[in-house]
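Chains as they are written, first to last, in the working numbering: chain S, 1 to 161; chain H, 1 to 294.
Glycine included, every Cβ here is placed at the ideal spot set by N, Cα and C.
For reference, the structure is listed below as structure tokens.
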Amino acid sequence: MTATVSITLTVNGETVRAEVPPRMHLADFLRERLALTGTHIGCEHGVCGACTVRLDGEIVRGCLVLAVQANGMSVETVEGASDSGELQDLQDAFRERNALQCGYCTPGMLLTAQELLAKGGVPDRETIREHMSGNYCRCTGYQAIVDAVETTARNRAAARG
Amino acid sequence: MKASAFDYARPASVREALELLGRHGDAAKLIAGGQSLVPALNLRLLAPEILIDLGGLADLRGITVEGATVRIGAMTRHADLLGSPVIAEKLPLVAAAMPHIAHPAIRNRGTIGGNLAHADPASELPAVMQAIDAVIVVRDASGERRIAARDFFTGIYETALRDGEMIVAVEAPVAAKDERIFFHEFSRRSGDYAIVGLAARATGSGNALADLRLAYFSVGDKATLAERAAAVLGAGPVDATRLAAAQAALAEDLSPQDDQQASGSTRLHLSRVVLARAIAVLTGDASLAGRATA
């Protein structure tokens with residue numbers, strides 16, 4: 001049995017202190033300790049992207065970061081990004097375009113797409129596909145997901161004038 | 001699956017990291033970005049007793065230019081390299097390879113030092129480092145050692161690193177003004193493991209190639225310089241005949257493996273296909289690109 005480690009981090013704007021075993025990865029920590037179950041666990045070896053969260057503002061695989069490595073850092077999950085309203089138009093576009101069926105991959109898809117959209121401009125479909133290439137969807141095929149991301153990029157560009 | 005239990009240490013300096021590594025020996029694993037190590041832990045392919053986290057070693061992160069040399073700290077992330085104007089200008093072959101390395105979320109964590117120490121034969125950077133004649137700078141408690149990239153990779157997940165040593169930096173010569181580069185890999189999904197890949201560079205003009213380096217990856221048990229093929233192509237102006245001879249020579253340069261992705265003979269074929277494309281780009285003679293077989 002190994003010793004637990006004390007960590008302090010910010011999760012969706014709130015300070016969290018916890019004792020964690022070093023082997024616990026960030027996605028398990030968020031789900032099991034903080035009940036933030038919007039972060040999904042698929043493959044647990046970095047292939048599928050369902051566990052995507054933001055660490056200090058950048059997307060990462062939640063299953064490939066240990067909770068102890070996030071000590072002192074800021075984590076945002078789909079719950080935080082959804083509650084802030086940041087994802088609202090993207091979520092609406094996913095629904096309108098049928099870009100989800102079972103929804104398992106959707107939290108990771110949203111956070112990954114949002115990172116590309118936050119760069120501004122209207123990326124072409126190839127750029128969207130390349131950026132989303134690390135996120136698996138096993139229901140819809142990717143056409144509708146790319147549609148939703150592209151639509152959101154256009155709408156945001158139009159809103160910016 | 002979940003990783004087996006281990007202890008955790010987060011040293012504040014390279015000296016402290018090396019002291020921990022010396023004390024724990026084989027029971028320890030260094031963790032940099034963790035993008036190859038954590039999957040191996042989760043799959044229980046590895047079960048160290050202690051992880052030594054290099055994430056706090058800020059002095060190992062960063063890109064500097066000293067005269068004609070670019071120095072990249074071991075903890076510099078793929079995302080840092082991809083976004084660096086210095087890398088784009090001074091090491092264009094590295095810049096060309098970066099978008100092929102995994103996916104954005106993984107590039108935000110993965111580091112060059114971790115990648116090279118892991119020595120995955122399907123990984124891009126071990127080939128790129130050999131193509132650009134980089135030096136891997138390693139350190140242990142007694143001092144530093146510099147290892148040419150071509151001597152660093154010794155087999156599947158095996159390197160010239162000795163017990164108690166860690167990578168601290170990579171140094172590479174600034175690309176020549178007339179440097180020409182080529183990078184391509186065949187893979188099933190963008191960002192996935194390559195089935196066959198090639199990082200190539202040359203200088204010279206027109207169809208006369210000088211200092212040609214052809215570094216293959218995911219062909220055999222380590223990234224490999226195809227020296228016989230390069231010698232054939234460097235012996236005079238490149239034409240279809242010389243290219244065909246180089247493609248034939250790849251059978252001696254490379255030891256392609258069979259695995260679930262492709263057979264060895266498929267890999268050898270693809271190695272020849274990508275060579276033709278590389279030579280077309282490097283010479284500027286597009287007619288050579290279609291010369292797919294020896």
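Is the Cβ of H:Gln35 closer than 9 Å to any Cβ of chain S? Mapped onto the second sequence, residue 35 of chain H falls at position 35. So yes, H:Gln35 belongs to the interface.
Could you tell me which chain H residues have their CB closer than 7 Å to the CB of S:Ala3, listed as they occur along the chain? Residue numbering aside, residue 3 of chain S sits at position 3 when the first sequence is read from its first letter. Under the 7 Å cutoff, chain H gives Asp7.
Along the chain, where does the alpha helix (DSSP H) containing H:Phe152 start, and where does it finish? Here residue 152 of chain H refers to the residue found at position 152 when the second sequence is read from its first residue. That run of the alpha helix (DSSP H) goes Ala149 to Phe152.
Partner residues on chain S for H:Asn108, Cβ-Cβ distance less than 7 Å: The residue you call residue 108 of chain H lines up with position 108 of the second sequence. Within 7 Å Cβ-Cβ: Glu58, Ile59 and Val60.
C-beta contact flag for S:Glu96 and S:Arg125 at 9 Å: Here the question's residue 96 of chain S lines up with position 96 in the first sequence. Here the question's residue 125 of chain S lines up with position 125 in the first sequence. Their beta carbons are not under 9 Å apart, which means S:Glu96 does not touch S:Arg125 by this criterion.
Less than 7 Å between C-beta atoms, sequence neighbours within five positions excluded: which residues of the same chain meet that for H:Ala294? The sequence position of residue 294 of chain H within the second sequence is 294, counting from 1. Caution applies to H:Ala294, whose pLDDT of 46 falls short of 50 and renders its modelled position unreliable; the value that the coordinates give is listed next. Cβ neighbours of H:Ala294 beyond the five flanking positions: Ala244, Gln247, Ala248 and Arg272.
Outcome for H:Pro85 when other beta-carbon atoms lying within 10 angstroms are tallied against a minimum of 16: Along the second sequence, read from residue 1 onward, the residue named residue 85 of chain H stands at position 85. When all chains shown are included, H:Pro85 counts as exposed.
Within this structure, are the beta carbons of H:Thr154 and H:Leu116 separated by less than 9 Å? Mapped onto the second sequence, residue 154 of chain H falls at position 154. Mapped onto the second sequence, residue 116 of chain H falls at position 116. Cβ atoms of H:Thr154 and H:Leu116: not closer than 9 Å.
The alpha helix (DSSP H) spanning H:Ile106 covers which residue range? In the second sequence, the residue the question calls residue 106 of chain H occupies position 106. Pro104 to Arg107 is the span of the alpha helix (DSSP H), which, as asked, contains H:Ile106.
Through-space distance from H:Ala88 to H:Leu43, alpha-carbon basis: Reading the second sequence from its first residue, position 43 is the one you call residue 43 of chain H. Reading the second sequence from its first residue, position 88 is the one you call residue 88 of chain H. Cα to Cα, the separation comes out at about 36 Å.
Determine which residues of the region 117 to 151 of chain H have a Cβ less than 9 Å from any Cβ of chain S, and write them out in chain order. none
Should H:Met98 and H:Arg139 be called a contact, given that it needs their Cβ atoms to be closer than 9 Å? The residue you call residue 98 of chain H lines up with position 98 of the second sequence. The residue you call residue 139 of chain H lines up with position 139 of the second sequence. Not in contact: H:Met98 and H:Arg139 (Cβ atoms no closer than 9 Å).
Compare the C-beta of S:Val75 with all C-beta atoms of chain H and state if any pair is closer than 9 Å. To locate residue 75 of chain S, count along the first sequence from 1; it is residue 75. No, because no Cβ of chain H sits closer than 9 Å to the Cβ of S:Val75.
Expressed to the nearest angstrom, what Euclidean distance is found between the alpha-carbon atoms of H:Asp258 and H:Glu16? As a working mapping, residue 258 of chain H is identified with position 258 in the second sequence. As a working mapping, residue 16 of chain H is identified with position 16 in the second sequence. Whole-angstrom Cα-Cα distance: 42 Å.
In whole angstroms, give me the CA-to-CA distance for H:Gly234 and H:Arg201. Here residue 234 of chain H refers to the residue found at position 234 when the second sequence is read from its first residue. Here residue 201 of chain H refers to the residue found at position 201 when the second sequence is read from its first residue. If I take the Cα positions, the gap works out to 12 Å.
Taking the beta carbon of H:Asp59 as the centre, do at least 16 other beta carbons fall within 10 Å, making it buried, or is it exposed? For this step, residue 59 of chain H is matched to residue 59 along the second sequence. Exposed: under 16 other Cβ atoms inside 10 Å.
I need the DSSP call for H:Leu41, collapsed to helix, strand or coil. The residue given as residue 41 of chain H occupies position 41 in the second sequence. Three-state result, H:Leu41: helix.
If you follow the alpha helix (DSSP H) that S:Thr112 is part of, which residue opens it and which one closes it? As a first step, residue 112 of chain S must be located in the first sequence, where it is residue number 112. Counting along the chain, the alpha helix (DSSP H) containing S:Thr112 begins and ends at Thr106 to Leu117.
Determine the extent of the alpha helix (DSSP H) in which H:Thr241 is found, giving its start and end residues. As a working mapping, residue 241 of chain H is identified with position 241 in the second sequence. For H:Thr241, the uninterrupted alpha helix (DSSP H) segment begins and ends at Ala240 to Asp253.
For H:Val273, the first and last residue of its enclosing alpha helix (DSSP H): Translated into the one-based positions of the second sequence, residue 273 of chain H becomes position 273. Start and end: Gly264 to Thr283.
Tell me H:His184's beta-bridge partners as DSSP assigns them. In the second sequence, residue 184 of chain H corresponds to position 184, counting from 1. H:Leu198.
If you run the structure through DSSP and keep just helix, strand and coil, what is H:Glu179? Here residue 179 of chain H refers to the residue found at position 179 when the second sequence is read from its first residue. H:Glu179: coil per DSSP, three-state reduction.
Over what stretch of residues does the beta strand (DSSP E) that includes H:Ala172 continue unbroken? Here residue 172 of chain H is taken as the residue at index 172 of the second sequence, counted from 1. Met166 to Pro173 is the extent of the beta strand (DSSP E) around H:Ala172.
Residues of its chain near H:Asn108, where Cβ-Cβ distance is below 6 Å and the 5 sequence neighbours each way are ignored: In the second sequence, residue 108 of chain H corresponds to position 108, counting from 1. So the qualifying residues of the chain are Ala79.
For a minimum of 4 consecutive residues, which ranges assigned as the alpha helix (DSSP H) are wholly contained in the region 53 to 91 of chain S? As summarised for the region 53 to 91 of chain S, the continuous alpha helix (DSSP H) elements at least 4 residues long and confined to that stretch are 78 to 83, given in chain order.
So, under 8 Å CB-CB, H:Ala276 and H:Leu268 are touching, yes? Tell me the CB distance rounded to an integer number of Å. Within the second sequence, the letter at position 276 stands for residue 276 of chain H. Within the second sequence, the letter at position 268 stands for residue 268 of chain H. Not a contact, Cβ separation roughly 13 Å.
Candidates H:Ala169, H:Asp120, H:Ala9 and H:Tyr157, of which the one nearest H:Thr76 by Cα: Position 76 of the second sequence, counted from the first residue, corresponds to residue 76 of chain H. It is H:Ala169 whose Cα lies nearest to the Cα of H:Thr76.
Chain S contact for H:Ser4 (CB, 9 Å cutoff): To locate residue 4 of chain H, count along the second sequence from 1; it is residue 4. Answer yes: the Cβ-Cβ gap between H:Ser4 and chain S drops below 9 Å somewhere.
Where does H:Ser13 land, buried or exposed, given buried means 16+ other C-beta within 10 angstroms? Start at 1 with the first residue of the second sequence, and residue 13 of chain H comes out as number 13. Burial state of H:Ser13 is exposed, judged by a 10 Å Cβ sphere holding fewer than 16 other Cβ atoms.
Top-ranked residue by Cα proximity to S:Asn12, from S:Leu34, S:Pro21 and S:Thr4: Here the question's residue 12 of chain S lines up with position 12 in the first sequence. Nearest C-alpha to S:Asn12: S:Leu34.
Compare the C-beta of S:Glu130 against all C-beta atoms of chain H and say whether one is closer than 9 Å. In the first sequence, the residue the question calls residue 130 of chain S occupies position 130. Closer than 9 Å to some Cβ of chain H, the Cβ of S:Glu130 qualifies, so yes.
Is any beta-carbon of chain H found at less than 9 Å from that of S:Gly46? Position 46 of the first sequence holds residue 46 of chain S. It does: the Cβ of S:Gly46 has a partner Cβ on chain H nearer than 9 Å.
Partner residues on chain H for S:Gly49, Cβ-Cβ distance less than 9 Å: Position 49 of the first sequence, counting from 1, holds the residue named residue 49 of chain S. Chain H residues near S:Gly49: His103 and Ala105.
Between H:Met166 and chain S, is any beta-carbon pair separated by less than 9 Å? Here residue 166 of chain H refers to the residue found at position 166 of the second sequence. For H:Met166, the answer is no, since every Cβ of chain S falls outside 9 Å of its Cβ.
Would you say H:Ala97 reaches chain S, if we count a Cβ-Cβ gap shorter than 9 Å as a contact? The sequence position of residue 97 of chain H within the second sequence is 97, counting from 1. H:Ala97 has a beta carbon lying at 9 Å or more from every beta carbon in chain S.
Would you please verify whether the beta carbon of H:Asn42 is less than 9 Å from any beta carbon of chain S? Your numbering for residue 42 of chain H matches position 42 in the second sequence. So yes, H:Asn42 belongs to the interface.
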